[in-house]
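Sequence lines, in order, name chains C and X. Under our numbering, think of the first position of the first sequence as 37, with each following residue one higher. Under our numbering, think of the first position of the second sequence as 37, with each following residue one higher. Every residue gets a Cβ at the ideal spot worked out from N, C-alpha and C, and that includes glycine.
There are 2 protein chains.
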Amino acid sequence: MPQTHEKEKEHCLEDFSIGQKICTNPITMSKENIIAFANLYDPQDFHLDDERAKHTSVGTLIASGWHTACTAMRLLVTNFPKIKGGMLGRSVEKMEWPIAVYPGDTVKLTIEVIDLRPSNSKPDRGVMRTRNILRNQNDEVVLSMETVIILPRRV
Amino acid sequence: MPQTHEKEKEHCLEDFSIGQKICTNPITMSKENIIAFANLYDPQDFHLDDERAKHTSVGTLIASGWHTACTAMRLLVTNFPKIKGGMLGRSVEKMEWPIAVYPGDTVKLTIEVIDLRPSNSKPDRGVMRTRNILRNQNDEVVLSMETVIILPRRV
Numbered sequence: 037m038p039q040t041h042e043k044e045k046e047h048c049l050e051d052f053s054i055g056q057k058i059c060t061n062p063i064t065m066s067k068e069n070i071i072a073f074a075n076l077y078d079p080q081d082f083h084l085d086d087e088r089a090k091h092t093s094v095g096t097l098i099a100s101g102w103h104t105a106c107t108a109m110r111l112l113v114t115n116f117p118k119i120k121g122g123m124l125g126r127s128v129e130k131m132e133w134p135i136a137v138y139p140g141d142t143v144k145l146t147i148e149v150i151d152l153r154p155s156n157s158k159p160d161r162g163v164m165r166t167r168n169i170l171r172n173q174n175d176e177v178v179l180s181m182e183t184v185i186i187l188p189r190r191v
Numbered sequence: 037m038p039q040t041h042e043k044e045k046e047h048c049l050e051d052f053s054i055g056q057k058i059c060t061n062p063i064t065m066s067k068e069n070i071i072a073f074a075n076l077y078d079p080q081d082f083h084l085d086d087e088r089a090k091h092t093s094v095g096t097l098i099a100s101g102w103h104t105a106c107t108a109m110r111l112l113v114t115n116f117p118k119i120k121g122g123m124l125g126r127s128v129e130k131m132e133w134p135i136a137v138y139p140g141d142t143v144k145l146t147i148e149v150i151d152l153r154p155s156n157s158k159p160d161r162g163v164m165r166t167r168n169i170l171r172n173q174n175d176e177v178v179l180s181m182e183t184v185i186i187l188p189r190r191v
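Structure follows, in structure tokens:
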């Protein structure tokens, strides 16, 4: 029988440890995708069109902060060890965008497990808190956030 | 000259007041859009496919929490008074998803201004904090979050 690849193993709370760190593959945010996202979810001039962006407080086309956050989510889902039953977020805290993402920027995510806690009321599950930092090609932080994820215990 | 519509006036910090509340129009989250979003940003079985969702911890197709958050952002941008220069988020806090959004659910957003503060260091701008609550057709809360928005002062 072929060996199960680490990414395909289904992980429970007991399989993680505080301090564990994962760095994802990079992803480039194209102008086309920035505009397509903005049309659907954040239709503002500085996310939609080069010319119209010139007349805004930003002055140039930048990605919606929500597009940046969703790109971080994609990197998290596709790079983090697979959680048994799926990765379900309970909450997000302290989401900040220190600087903008520009068309063509390449970003990658660092995910650090900063807390692991069995549920007090439900013995079959627990929560994991991760600190997520998204950096651009110049190693500048473009997004930081903490996510609280519900995951099963190995019972 | 035709009168400027309220939505087209460009608002500064001085045009808002703490306690001000806006309720947006509703929007329906279709199965097609839920799956399209998930394919791009949250590719997990319970967001992608009815059949595959049955074998997850959720058991049925639900919208990605990030899709729900981006839908709230769309409602915020398209219903809130236009801010001079554009609406730029500095941070989001306490984003929570108390219950899931299912295909066909209709959601609407209540936005309340809970703080307004001139910047200490930059006299031409300030920050506004809003509490945003997204409810479904049964008046259940599906998302809550606080956003901190940078906006100009009338100087």
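is_contact[residue i, chain X] using C-beta, thresh 9 Å
i         : result
Arg-126/C : yes
Thr-142/C : no
Lys-43/C  : Because the pLDDT at Lys-43/C is just 49, under 50, the model does not fix this residue reliably, and the point stays unresolved.
Leu-152/C : no
Thr-114/C : yes
Gln-39/C  : Any reading at Gln-39/C must be qualified, since the residue scores a pLDDT of 47, below 50, and its modelled position is unreliable; the value itself is stated next. It does not: the Cβ of Gln-39/C has no partner Cβ on chain X nearer than 9 Å.
Given residue i as reference, the closest of the options once Cα atoms are compared
i         : options                                    : result
Ile-71/X  : Leu-170/X, Trp-102/X, Ile-185/X            : Trp-102/X
Ser-93/X  : Gly-122/C, Gly-140/C, Gly-95/C, Leu-145/C  : Gly-122/C
Asn-168/C : His-47/C, Thr-60/C, Arg-126/C, Asp-160/C   : Thr-60/C
Ser-180/X : Gln-80/X, Ser-53/X, Ala-108/X              : Ala-108/X
Val-178/X : Pro-79/X, Cys-48/X, Ile-98/X, Asp-51/X     : Ile-98/X
Asp-151/C : Glu-50/C, Asp-78/C, Val-137/C, Leu-111/C   : Glu-50/C
Asn-29/X  : Leu-187/X, Asn-156/X, Pro-154/X, Ile-63/X  : The structure shown has nothing for residue 29/X, since chain X only spans 37 to 191.
Lys-45/X  : Ile-119/X, Ser-155/X, Asp-141/X, Lys-158/X : Ile-119/X
Asn-69/C  : Leu-124/C, Asp-141/C, His-91/C, Arg-171/C  : Asp-141/C
Pro-159/X : Leu-187/X, Leu-170/X, Leu-145/X            : Leu-187/X
Thr-73/C  : Cys-48/C, Arg-88/C, His-47/C, Ala-105/C    : Here residue 73/C turns out to be Phe, not Thr, going by the sequence shown. Of the listed residues, the one whose Cα sits closest to Phe-73/C is Ala-105/C.
Gln-173/X : Met-164/X, Val-137/X, Thr-166/X            : Val-137/X
His-47/C  : Met-164/C, Asp-175/C, Glu-176/C            : Met-164/C
Pro-154/C : Val-191/C, Lys-130/C, Leu-84/C             : Val-191/C
Asp-175/X : Thr-166/X, Leu-145/X, Asn-156/X            : Leu-145/X
Gln-80/X  : Asn-156/C, Pro-117/C, Ser-157/C            : Pro-117/C
Lys-130/X : Thr-96/X, Asn-156/X, Thr-166/X, Ser-157/X  : Thr-166/X
Gly-95/X  : Leu-124/C, His-91/C, Asp-85/C              : Leu-124/C
Proximity below 9 Å, CB of residue i to CB of residue j
i         : j         : result
Pro-139/C : Met-65/C  : yes
Leu-57/C  : Ile-147/C : Looking at the sequence provided, one finds Lys at residue 57/C rather than Leu. Yes, these two residues count as a Cβ contact at 9 Å.
Arg-126/C : Gly-162/C : no
Val-149/X : Glu-182/X : no
Val-143/X : Leu-170/X : yes
Ser-53/C  : Asp-78/C  : no
Arg-88/C  : Leu-76/X  : no
Chain C contact for residue i (CB, 9 Å cutoff)
i         : result
Ala-105/X : yes
His-47/X  : no
Beta-carbon neighbours of residue i, restricted to chain C and to distances below 7 Å
i         : result
Gly-101/X : Gly-125
Asp-81/X  : Gly-122
Bridge partner(s) assigned by DSSP for residue i
i         : result
Gly-125/C : Ile-185/C
Asn-168/X : Ile-147/X, Met-181/X
Cys-59/C  : Thr-146/C
Pro-159/X : Partner(s): none; Pro-159/X has no beta bridge.
Arg-153/X : Val-163/X
His-83/C  : Answer by DSSP bridge pairing: none, since His-83/C is not bridged.
Glu-44/C  : In the DSSP output, where bridge partners are listed per residue, Glu-44/C has none listed.
Met-131/X : Val-128/C
Ile-119/X : His-47/X
Contact list for residue i against chain C, beta-carbon separation under 8 Å
i        : result
Ser-66/X : Simply none; closest approach about 12 Å.
Asn-93/X : What sits at residue 93/X in the sequence shown is Ser, not Asn. Those within 8 Å of Ser-93/X in chain C are Lys-120, Gly-121, Gly-122, Leu-124, Pro-188.
Contact list for residue i against chain X, beta-carbon separation under 8 Å
i         : result
Glu-129/C : Glu-129, Lys-130, Met-131
Partners in chain X for residue i, counting only beta-carbon separations shorter than 7 Å
i         : result
Met-109/C : Tyr-77, Asp-78, Trp-102
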